[in-house]
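Enquirer:
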Amino acid sequence: MNQDLSIINLIAQASLVVQLVMAALLLVSLASWSVIFNKFFALSRLQSRNEAFEQEFWSGRNLNELYNGVSAKQETAPLERIFASGMREFLKLRERRMADPGALLDGARRAMRASFQRELDAMESHLSFLASVGSVSPYVGLFGTIWGIMHAFVGLSNLQQVTLATVAPGIAEALVATAIGLFAAIPAVLAYNRFARQIDRSAITLETFIEEFSNILQRNATQPGSTNA
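For the sequence shown, the numbering used here begins at 2 and goes up steadily by one.
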């Protein structure tokens, strides 16, 4: 007699523990795909905004005008926020009549480094979730497989004659859990690696901007009243 070994039937015939494992893995997979899509669009949007601001910054505009324009925006890019934090601290210290150029520059650099760390933390948000899904899901699926195989062999112990036809459904039900675990883990690992590389490149861009902007502020610190790029 032919047995229905379709995926849906195997899941329906699996033991309760294995079904719970499968359900948990499917929920985790859906959550990871949500994070993947959100992170993909968020990082792409940040990169395009950073590039637009970088072009504007090097266009030769007056730094005060650029700072006022950034301050008036409701949504800003990471580069804009780093620029604004450094410029704000630089102007604040200059208003206090601080004559030491080194102190002006150090204050602006500290403000930009703090802003850089906040931006990096924001870009790395939810990456740990993808890493956890990628590393844990296969083991959760393996647990479901082992439990399913144990359950199948316990059922077979009551039979007088064991054939491949009686063994195959139970083993197949158990292996579905491992398949779902891999289905959840593989996209999470691939996305994590991609996003990690993309964030590393963005971090290098931000750090390079901090150094370049610091050089500009250093020149302006020795020329009172000057705020040109």
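Note that CB positions come from ideal geometry on N, CA and C, so glycine has one too.
Predicted model only: the values in this text are computed from it and were never measured.
Can you tell me the Cα-Cα spacing of GLU52 and ARG82, whole angstroms?
Expert: 14 Å
Enquirer: So the candidates are VAL29, ALA112, ALA43; which of them puts its Cα closest to the Cα of PRO1?
Expert: Here the chain covers residues 2 to 230 and nothing more, so residue 1 does not appear.
Enquirer: Report buried or exposed for LYS40, applying the criterion of at least 16 other Cβ atoms within 10 angstroms of its Cβ.
Expert: That one is buried.
Enquirer: How big is the Cα-Cα spacing for TRP148 and GLU212?
Expert: 57 Å
Enquirer: Give the list of continuous alpha helix (DSSP H) stretches no shorter than 4 residues that lie fully inside the segment 15-80.
Expert: Entirely contained in the segment 15-80, the alpha helix (DSSP H) runs reaching 4 residues are, in chain order, 17-58, 64-73.
Enquirer: Consult DSSP for PHE196 and reduce its assignment to one of helix, strand or coil.
Expert: helix
Enquirer: Taking the straight line between their C-alpha atoms, what separation do you get for VAL18 and GLY145?
Expert: 7 Å
Enquirer: Between which residues of its own chain and SER215 is the CB-CB distance below 6 Å, once the five residues before and five after are set aside?
Expert: If you ignore the 5 residues before and after SER215, its C-beta comes within less than 6 Å of the C-beta of ARG110, all in its own chain and listed in chain order.
Enquirer: On the DSSP letters alone, give me the boundaries of the alpha helix (DSSP H) that ARG97 sits inside.
Expert: Careful: ARG97 lies outside any alpha helix (DSSP H) and carries neither H nor E.
Enquirer: Return the chain-ordered list of same chain residues with a C-beta closer than 7 Å to the C-beta of ALA192, the five sequence neighbours on each side being excluded.
Expert: Apart from sequence neighbours up to five positions away, the residues of its chain that approach ALA192 with a beta-carbon distance below 7 Å are ILE37, LEU131, ordered along the chain.
Enquirer: Could you give the DSSP three-state label for THR223: helix, strand or coil?
Expert: coil
Enquirer: Take ALA222 and list the residues in its own chain whose beta-carbon comes closer than 6 Å to its own, dropping the five residues that flank it on each side.
Expert: PRO102, LEU105, LEU106
Enquirer: Can you tell me whether GLU90 is helix, strand or coil according to DSSP?
Expert: helix
Enquirer: Is GLU120 helix, strand or coil when you go by DSSP?
Expert: helix
Enquirer: Does DSSP classify HIS152 as helix, strand or coil?
Expert: helix
Enquirer: Spatial neighbours of GLU1 within its chain, please: CB distance less than 6 Å, with the 5 preceding and 5 following residues excluded, ordered by chain position.
Expert: Since the displayed the chain opens at 2 and closes at 230, residue 1 lies outside it and no answer follows.
Enquirer: Quick check: what's the CA-CA separation for LEU64 versus SER129?
Expert: 38 Å
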